[in-house]
Amino acid sequence: MEQSKDLIKLLNLIERPAFYVENGVIRFVNTRAKSLFLEEDQNIQPLLFTGQAEYLTTPHSFLSLKLKILGKVWEASVTPMETGDIFTLTEAAASPELQAMALVAQHLRSSISPMLTAAEALLPSDIIQENPEAKQQAAQISRGLHQLLRNIGNMADAGKYQSQEVFPKETVDIDGLVGEIMEKARHFLEAANIRLEYQGLSALLYCQVHRELLERGIYNLISNSAKFTPTGETIKASLTRQGTRLYFTLENPASQEALPNPAQAFSVYLRQPSIGDGRQGIGLGMVLVRAAASAHGGALLLDYTPQGNLRATLTMEIDQSSSQVRSPMLRVDYSGERDHGLIELSDILPPSCY
Numbered sequence: 001m002e003q004s005k006d007l008i009k010l011l012n013l014i015e016r017p018a019f020y021v022e023n024g025v026i027r028f029v030n031t032r033a034k035s036l037f038l039e040e041d042q043n044i045q046p047l048l049f050t051g052q053a054e055y056l057t058t059p060h061s062f063l064s065l066k067l068k069i070l071g072k073v074w075e076a077s078v079t080p081m082e083t084g085d086i087f088t089l090t091e092a093a094a095s096p097e098l099q100a101m102a103l104v105a106q107h108l109r110s111s112i113s114p115m116l117t118a119a120e121a122l123l124p125s126d127i128i129q130e131n132p133e134a135k136q137q138a139a140q141i142s143r144g145l146h147q148l149l150r151n152i153g154n155m156a157d158a159g160k161y162q163s164q165e166v167f168p169k170e171t172v173d174i175d176g177l178v179g180e181i182m183e184k185a186r187h188f189l190e191a192a193n194i195r196l197e198y199q200g201l202s203a204l205l206y207c208q209v210h211r212e213l214l215e216r217g218i219y220n221l222i223s224n225s226a227k228f229t230p231t232g233e234t235i236k237a238s239l240t241r242q243g244t245r246l247y248f249t250l251e252n253p254a255s256q257e258a259l260p261n262p263a264q265a266f267s268v269y270l271r272q273p274s275i276g277d278g279r280q281g282i283g284l285g286m287v288l289v290r291a292a293a294s295a296h297g298g299a300l301l302l303d304y305t306p307q308g309n310l311r312a313t314l315t316m317e318i319d320q321s322s323s324q325v326r327s328p329m330l331r332v333d334y335s336g337e338r339d340h341g342l343i344e345l346s347d348i349l350p351p352s353c354y
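Numbering follows the numbering used here, with no gaps: position 195 of the sequence shown is 195.
Structure representation (structure tokens):
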């Protein structure tokens, strides 16, 4: 009885719709969740829009998935408790904050593009190459501009991808696509004195994916893992298949501070400006990771292994239909045909890579 009172008190402290689930049944709801006509003793399974398999098979992990309530899609952060889970909801539609960021990004992009083009033209010049100090400074400038380009891209697209429900896809060799990303990341991370080991699928598999969003989601997971991995250590990555689902997993040695409050991992961008942990950045990378999982019918799992390593798993439903397929010839490159790895990993790479 005392535990029930504590749970109800905890739920009512949450400023968003939230409820507590035990054994697949909603036991307690806060006032904001009641406004969505969520009731106690309601079964959670019919509400799961994505991540149903993950929720049923991976207890004791923090999950990000989607619910569909009264025809509206909601992002749900699932935090494991002793005997159940707390679901905290965020409307999937782009928030006013993300819409404002997209508007700012639109204007910033027009300013930074000519600056980056000028820097790229300057770096290979003979004057720069023959002067080590000038070469180092030019590399610093180029890296900083790549970081700005990454932040602008995240600001421009986070809201769009969070609210989007139908994603045009193309047929890819999924292990080939992920393997190419991992090989490029492995090469770049060597410059940061971090090793990356990757184990791919054992058999060829073609399926439908949104190439750009999946690539950016994977790069953001790698970037986040590398930020919290001590130099000289190893990040282990794998792509595995279980039935009709794919699991992309990253595991890295990290302290518990890397995942202090998983429920807030997707709302870091809403925090008040302050002097804090610079590794958090703006906080939009995880929004893109969550969007990548949702776009492919999956979920995002965050937890610690028994060995104390931080583990992040992006799951995907294997889609071999053709209803959303598009020609790859129609794809517009979001980076202006620049190296995606140099942009997406710019927060962790040394200037020598630029």
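Glycine is no exception: its CB is placed at the ideal position from the N, C-alpha and C atoms.
* To do: Taking residue 191 and residue 352 to be in contact with their CB atoms under 8 Å, please state how far apart those CB atoms are, rounded to whole angstroms.
  => Correct: roughly 6 Å between the Cβ atoms.
* Answer yes or no: do residue 70 and residue 18 have a C-beta to C-beta separation smaller than 8 Å? => no
* Is the segment 163-175 in contact with the segment 210-228, if contact means three or more CB pairs nearer than 8 Å? -> Contact between the segment 163-175 and the segment 210-228 is present, because at least three Cβ pairs lie under 8 Å.
* Asked: How about residue 301 and residue 77: are their beta carbons less than 8 Å apart?
  -> no
* To do: Decide if the segment 20-28 is in contact with the segment 42-49; the criterion is three or more beta carbon pairs, one per stretch, under 8 Å apart.
  => Contact between the segment 20-28 and the segment 42-49 is present, because at least three Cβ pairs lie under 8 Å.
* Which stretch, first to last residue, makes up the beta strand (DSSP E) that contains residue 85? -> 85-91
* To do: In angstroms with no decimal places, state the Cα-to-Cα distance between residue 33 and residue 100.
  => 27 Å
* CA-CA distance, residue 10 and residue 80? -> 14 Å
* Asked: CB residue 342 to CB residue 187, shorter than 8 Å?
  -> no
* To do: Evaluate residue 366 with the Cβ neighbour count: other Cβ atoms within 10 Å of its Cβ, from every protein chain shown; 16 or more gives buried, anything less gives exposed.
  => This structure leaves residue 366 out entirely; the chain is present only between 1 and 354.
* Could you pull out every residue in the same chain whose Cβ sits closer than 6 Å to the Cβ of residue 84, ignoring the five residues on either side in sequence? => 20, 21 and 22
* To do: Taking all protein chains shown into account, decide if residue 160 is buried (16 or more other Cβ within 10 angstroms of its Cβ) or exposed.
  => It is exposed - the Cβ of residue 160 has fewer than 16 other Cβ atoms within 10 Å.
* Asked: Would the beta-carbon of residue 237 fall within 8 Å of that of residue 163?
  -> no
* Can you tell me which of 104, 121, 280 and 199 puts its alpha carbon nearest to the alpha carbon of residue 265? => 280
* Run the CB neighbour count on residue 254, radius 10 Å, all protein chains shown included, and call it buried at 16 or more, exposed below. => Residue 254 sits buried, since 16 or more C-beta atoms from the chains shown fall within 10 Å of its C-beta.
* With respect to the alpha helix (DSSP H) encompassing residue 17, which residues constitute its N-terminal and C-terminal limits? -> No alpha helix (DSSP H) contains residue 17, which DSSP labels as neither H nor E.
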